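Just below is one structure, and these are the notes that go with it.
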Amino acid sequence: TSDNCKFQVKCYACACFNSPAFRMNIPTVLYKFYEPLLWAQIKHGPRPHHIGLIVDGNRRFAKGQGLAPNDGHNAGSKKLEDFLRWCWRLDIRIVTLYGFSTENYKRSDKEVQYLMDLILRKLRQYQIDPVIKKEKVRINVLGQRNNLSDEMVEEIAKTEELTRNHDRFLLNIAIGYGGRAEIVDAVRKIGEEIRDGNLLPEEIDEKIFESYLYTEGIPDPDLIIRTSGEERLSGFLLWQSAYSELYFTEVYWPAFRMIDFWRAIRVYQQRERRFGK
Numbered sequence: 021t022s023d024n025c026k027f028q029v030k031c032y033a034c035a036c037f038n039s040p041a042f043r044m045n046i047p048t049v050l051y052k053f054y055e056p057l058l059w060a061q062i063k064h065g066p067r068p069h070h071i072g073l074i075v076d077g078n079r080r081f082a083k084g085q086g087l088a089p090n091d092g093h094n095a096g097s098k099k100l101e102d103f104l105r106w107c108w109r110l111d112i113r114i115v116t117l118y119g120f121s122t123e124n125y126k127r128s129d130k131e132v133q134y135l136m137d138l139i140l141r142k143l144r145q146y147q148i149d150p151v152i153k154k155e156k157v158r159i160n161v162l163g164q165r166n167n168l169s170d171e172m173v174e175e176i177a178k179t180e181e182l183t184r185n186h187d188r189f190l191l192n193i194a195i196g197y198g199g200r201a202e203i204v205d206a207v208r209k210i211g212e213e214i215r216d217g218n219l220l221p222e223e224i225d226e227k228i229f230e231s232y233l234y235t236e237g238i239p240d241p242d243l244i245i246r247t248s249g250e251e252r253l254s255g256f257l258l259w260q261s262a263y264s265e266l267y268f269t270e271v272y273w274p275a276f277r278m279i280d281f282w283r284a285i286r287v288y289q290q291r292e293r294r295f296g297k
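Count along the sequence shown from 1, then add 20; that gives the number in our numbering.
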């Protein structure tokens, strides 16, 4: 019937409008109307103090654009600069980036080397970046350094030292990081403390355990964002994410926009954090 046809058309239109593909390609002219509306919704709401970021989809983005995988990684690296500015605008003080996991070592030697070179360039950029200095951003690297090159370890130490006194924002970069490895390392250190007589087993509680993690002294993430449609943490901050709010988006990381970020913030504001209660 005519009514059924109209109903089906409406359903199809709604499905199209709400689809990730449509939202990712909203004409630019609509942003002029949409952005202020979205900003008005979030600007007075609660904001996360610490955001964890799992950047995913660089290679799939490149493939979709007919580009080489490394071009996708380059685009993703540049996108981080935008993301940090969005966070600073909302006065979000801590960002933890899942830069290179222990699992990433399983990729081809050529790709691993390219990613490491990209990270090196980023670290050197931060050492002289006037924006990092102006915004007082401290750079901190998390992860196992024994598998990193001497050059990488040296640049990490240099970057951390040059930004050591910056006290407004904190950017943690997880390099050679794995959540399980972090927990194993913490257990090993605690075992050594017990062996050396510096710690008694009955003294160990959650607070003591956390002091042996890579993130010692850093608040747990309030919100973790993962791009590209994958809905898992992949070993990212396993201990610290116990009560984090999780937000997954189908947008590939290089295509991630400010409105995608604001949507994540809006979802965060709409949730009631219970912390296990």
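Using N, Cα and C, we set each Cβ at its ideal position, and we do this for glycine too. Just so we're clear, the structure is a prediction, and the values are computed from it rather than from any experiment.
Between Leu-138 and Gly-199, the CB-CB gap reaches or exceeds 7 Å. Rounded to whole angstroms, the separation of the alpha carbons of Arg-67 and Glu-55 is 18 Å. Ala-275 counts as buried, since at least 16 other C-beta atoms from the protein chains shown sit within 10 angstroms of its C-beta. Annotation for Asn-192: Thr-116, Asn-160, Leu-162 place their beta carbon closer than 6 Å to its own, counting only its chain and skipping 5 residues before and after. In chain order, Leu-73, Tyr-267, Ala-284 place their CB closer than 6 Å to the CB of Ile-245, counting only its own chain and leaving out the 5 sequence neighbours on each side.
Partner residues in a beta bridge of Arg-188, as assigned by DSSP, do not exist. Using a Cβ distance threshold of 7 Å, Ile-114 and His-70 count as a contacting pair. If you compare the alpha carbons of Ala-88, Glu-202, Gln-145 with that of Thr-122, the shortest gap goes to Glu-202. Assignment of Thr-116 by DSSP, reduced to helix, strand and coil, places it in the strand class. The residues Ala-82, in chain order, have a CB closer than 8 Å to that of Ala-88 in the same chain once the five nearest residues on each side in sequence are set aside.
The three-state secondary structure of Phe-276, taken from DSSP, is coil. For His-93, there is no enclosing beta strand (DSSP E); the residue is found in the alpha helix (DSSP H) stretching over 89-109. Secondary structure note for Ile-210: its alpha helix (DSSP H) is the uninterrupted segment 199-215.
Leu-143 and Ile-112 do not touch by the CB rule: their CB atoms are close to 22 Å apart, not below 8 Å. Here the C-alpha atom of Glu-222 lies approximately 16 Å from the C-alpha atom of Ala-206. When beta bridges are read from the DSSP output, Gly-72 appears opposite Thr-116, Ile-244. Beta-bridge analysis with DSSP links Glu-265 to Leu-243. The alpha-carbon of Gly-77 is positioned some 30 Å away from that of Glu-236. Ranking Asp-240, Leu-220, Leu-110 by CA distance to the CA of Ser-261 puts Asp-240 first. For the pair Leu-110 and Phe-189, the Cα-to-Cα distance works out to about 12 Å.
Residue pairing by DSSP places Ile-224 in no beta bridge whatsoever. The residues Tyr-267, in chain order, have a CB closer than 7 Å to that of Val-287 in the same chain once the five nearest residues on each side in sequence are set aside.
Within a 10 Å sphere around the beta-carbon of Lys-99 sit 16 or more other beta-carbons, which makes this residue buried.
One Cα belongs to Tyr-134, the other to Tyr-263, and the distance between them is close to 35 Å.
For Tyr-232, same chain residues with a beta-carbon under 7 Å away, outside a window of 5 residues either side, are Ala-206, Lys-209, Ile-210 in chain order. Excluding the 5 residues flanking it on each side, Tyr-118 has same chain C-beta neighbours closer than 6 Å at Ile-74, Ala-194, Phe-256, in chain order.
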